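So the protein lines, in turn, are chains A and B. So the first sequence is numbered by our numbering: it starts at 3 and just counts up by one. So the second sequence is numbered by our numbering: it starts at 543 and just counts up by one. Ideal placement from N, C-alpha and C gives every residue a C-beta, glycine not left out. Quick caveat, the model's predicted, so the values are computed rather than measured.
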Amino acid sequence: MADKKNRNIIGVPKFRQISRVRLCIMLILAAALAAFPAATWAEHSDNVRDYLDYLSPDELDEIQSEIESAVTESSLDIAIVITDDTGGKSSRDYADDYYDQNGFGMGENHSGILMLINMDIREVWISTCGKAIDIFTDNRIDSMLNDIAAYLADGDYFNACKEFVNQVKKYASMGVPQGQYRDPSEDAPFSPPGHQEDDFPGMPQEQYPGRNSYSYWERARQLMISPGVYFFAAIAAVIATIIASLGNKGRVTVSNRTYEQDGSFHLSDMRDDFINQTVTRVRVANTNTGHGSGRSGTHRSSVHRSSSGRSHGGGGRRF
Amino acid sequence: MASLQYKCLNCKAGLEFYPPTQKWKCHYCFSEFTKEELDEVQQVQDSMDEELPELDSYRCTSCGAELITDKTTSATFCLYCKNPAIIKSRFTGKFKPKYVIPFRLTKEQAVELYKKWIGKHLFAPDEFKHKEEMEKVTGVYAPFWLFDCKTQGSIEGQGTRVRSWTQGEYRYTETRYYRVVRSGSAEYNKVPVDASKKLDDAFMQLIEPYNYQDLTDFSMQYMSGFMAEKYDVESEEAKSAVKKRVEQYTEKRLKETIGGYASYRDTYKSITLQEAQENYALLPVYLLVNKYKGKDHLFIVNGQTGKVVGDAPISRWKQLRFAGLIFAASWLLAVFGGALFGR
């Protein structure tokens, strides 16, 4: 009995520190999540989908290799689709969906650009996604379409494709123009991000049927030989060890009041004398810098949502 | 000269102070006695004011063996018969403590606290987690100077108040400057200062505060069953430590009365310790010194409140093993978890 009573008196102070082990696990998970986008693949062997056989195998190879060099240079995925069957979809929707559902795009925001030559209605459409939306403003797309449509009108599909790849390279190296902004298009207003599940119920975007998906074990094998993984594991180990080694000797639990005699503190003088004042003024910059929809769009990138919920930009032209 | 020992009134075995009941207990016949009962039989308090000569050696009252002690050890156990032994001369004259706070924690509770504490230290070498090591936790009455003091001082600084508004095309910002003066005084009671050179000052400050409700007049009887040290830091030396401490307290207290400014900076301060009256007291701690690779690592528990402080030794080998484990785990996670993503 006496023992029990005594234990109450002691009141062992409970240190409010997160368990070190838990902290380590959290850190490792955070680092792991941060490391994954780097390990995204964007290697396709068939960026050109010519369903109408307008291009000869040699031409296909040439464009494919040009696309591959442009992809590494620009870190944008590039695709070309030639078809006459869009399943009743508009060129825009077909291009967007084709891009989304065939696993195109680099990085976590699926950056890339796709050109659709829709022979059904003789229309060319360029669809952009991720970073490409910002690089390819409406004006740039217009100018690209001008050049490409000229070849298409002549039935020169090969040079139209080459022109497309070259222009992508050109603009990608120029980067995002200063003053660029995104303008959600009126006919397809932005739906809140939560709505995208309505279109593909319960299906995360990563699971679109990929073109040449690697199997789980192939990916694991690739990761095993990737130096990034070792680097990441080493960083995690060092951080976790440092955290776990941090000694905590104990907290100070006395304050400046602990030993003060109650009521002994006495203020004999307490003054707050005004000395002087300064006033400065700055001209307020004009506040109408917001991107009004009525603004002329030299640097506008029109954006809309595709059926998968991703943002796409783009434009098209008949030929 | 023989040391002092409190003997059981029933069986004459050595009595030890037992924290849970705050009484003296005989471990042979399990009798317990109150302070009053002991005082009736042995009246040794009277002689404490006069200085007793320091002798070269002391003998155990029970078995007659020589006590092995440091120069500052004032209460201990006989190495041979394990009976408590108190060296009277180290509690008399200028070494007579005014106060004592008796132990509230038993050694078993302190060992339990150590077990928990060392368990949280992943890299503590295994030898410090063994039972034999834990049993080395010792209850010690540590010497402290308790200062009652008065401070007085004033601080001055510059404070600003900022207001801003927009008028027409301009945004105006008005800054008003104030001279802030605060003067005051405060009194502090029983600010403890470690009076033993053996114990680390910083650690001794971390185990504060003690609850002074238990503070009682010193009596040697409380020493029975524990180790005790006498002071070897003179009160004058301790005074400089307390001066620094209470002056900081007062400065902080004065600053707390300043408010309503957008910014504040000190321009002048002068705080002085006006009076300081010291009292010698023995306060209870449980102590364990871990020696690891030539370095002492302290574990201290406040013997009254149970507050734990200490630093644990780190084993490089354990650290390395831990790092390896995390490396392997992260690698597996990255490879097999990472492969789930990608396409």
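Think of a sphere of 8 Å around the beta carbon of M108 of chain A: no beta carbon from chain B falls inside it, the nearest being about 11 Å out. Not a single C-beta of chain B is nearer than 9 Å to the C-beta of L116 of chain A. Between the segment 170 to 187 of chain A and the segment 567 to 579 of chain B there are fewer than three inter-stretch CB-CB distances shorter than 8 Å, so the stretches are not counted as touching.
Less than 9 Å divides the Cβ of E750 of chain B from the Cβ of P734 of chain B. Within the same chain, Cβ atoms closer than 6 Å to the Cβ of S77 of chain A are found at M108, the five residues on either side in sequence being excluded. Y822 of chain B carries a strand assignment under DSSP once its states are collapsed to helix, strand and coil.
Note on geometry: alpha-carbon atoms of G311 of chain A and N104 of chain A lie some 15 Å from one another.
Counting only unbroken stretches of 4 or more residues, the alpha helix (DSSP H) elements lying wholly within the segment 649 to 702 of chain B are 649 to 661 and 673 to 676, in sequence order. Annotation: the continuous beta strand (DSSP E) that includes G315 of chain A extends over S313 to R320. Burial check for G177 of chain A: the Cβ neighbour count within 10 Å stays below 16, so the residue is exposed. Within chain B, S696, V723, R724, S725 and G726 have C-beta atoms less than 9 Å from the C-beta of D271 of chain A, given in sequence order. In the three-state scheme derived from DSSP, where H, G and I count as helix and E and B as strand, F869 of chain B is classed as helix.
Close CB contacts of E61 of chain A within its chain, under the 6 Å cut and outside five residues either way in sequence, are with F160 (chain order).
In this structure, Y96 of chain A lies away from C131 of chain A, with their beta-carbon atoms at least 9 Å apart.
Restricting attention to A:D87, A:H268 and A:T282, the CA atom closest to the CA of L118 of chain A is found in A:D87. Note on geometry: alpha-carbon atoms of F645 of chain B and E698 of chain B lie some 45 Å from one another. Separation of E125 of chain A and A151 of chain A (C-alpha to C-alpha, rounded to the nearest whole angstrom) is 9 Å. Residues of chain A with a Cβ closer than 7 Å to the Cβ of R718 of chain B are, in chain order, F276 and Q279. In this chain, the beta strand (DSSP E) harbouring P734 of chain B covers Y712 to D736. Counting only the Cα atoms, S113 of chain A lies some 27 Å from P59 of chain A. In the structure shown, M176 of chain A adopts helical secondary structure according to DSSP, grouped into three states. In terms of Cβ geometry, T139 of chain A and S303 of chain A form a close pair [threshold 9 Å]. Boundaries for E220 of chain A: no beta strand (DSSP E) harbours it, while the alpha helix (DSSP H) harbouring it runs Y218 to M226, taken from the DSSP string.
For H268 of chain A, DSSP records a beta bridge to B:S727. The straight-line gap separating the alpha-carbon atoms of A242 of chain A and L248 of chain A is approximately 10 Å. In the structure shown, the three-state DSSP call for D774 of chain B is coil.
Close to V704 of chain B, with beta-carbon spacing below 8 Å, lies no residue of chain A; the smallest spacing is near 10 Å. When the beta-carbon positions are compared, A737 of chain B and S782 of chain B stay at least 9 Å from each other.
Apart from the 5 residues on each side of it in sequence, E793 of chain B sits with its Cβ closer than 8 Å to the Cβ of G695, I697, K811 and I813 in its chain, given in chain order.
Put simply, the CB of E262 of chain A is near chain B, with a gap under 9 Å to one of its CB atoms. Under a 10 Å Cβ-count criterion, M28 of chain A is classified as exposed, with fewer than 16 other Cβ atoms of the shown protein chains found around its own Cβ. Under the Cβ criterion (8 Å, minimum of three pairs), the segment 700 to 707 of chain B does not count as touching the segment 681 to 691 of chain B. For I137 of chain A, the enclosing alpha helix (DSSP H) begins and ends at K133 to I137. Shown in chain order are the members of the segment 830 to 856 of chain B whose Cβ falls below 8 Å from a Cβ of chain A: T847, G848, K849, V850, V851, G852, D853, A854 and I856. At a C-beta separation below 7 Å, Q861 of chain B has these neighbours in chain A: T243 and S247.
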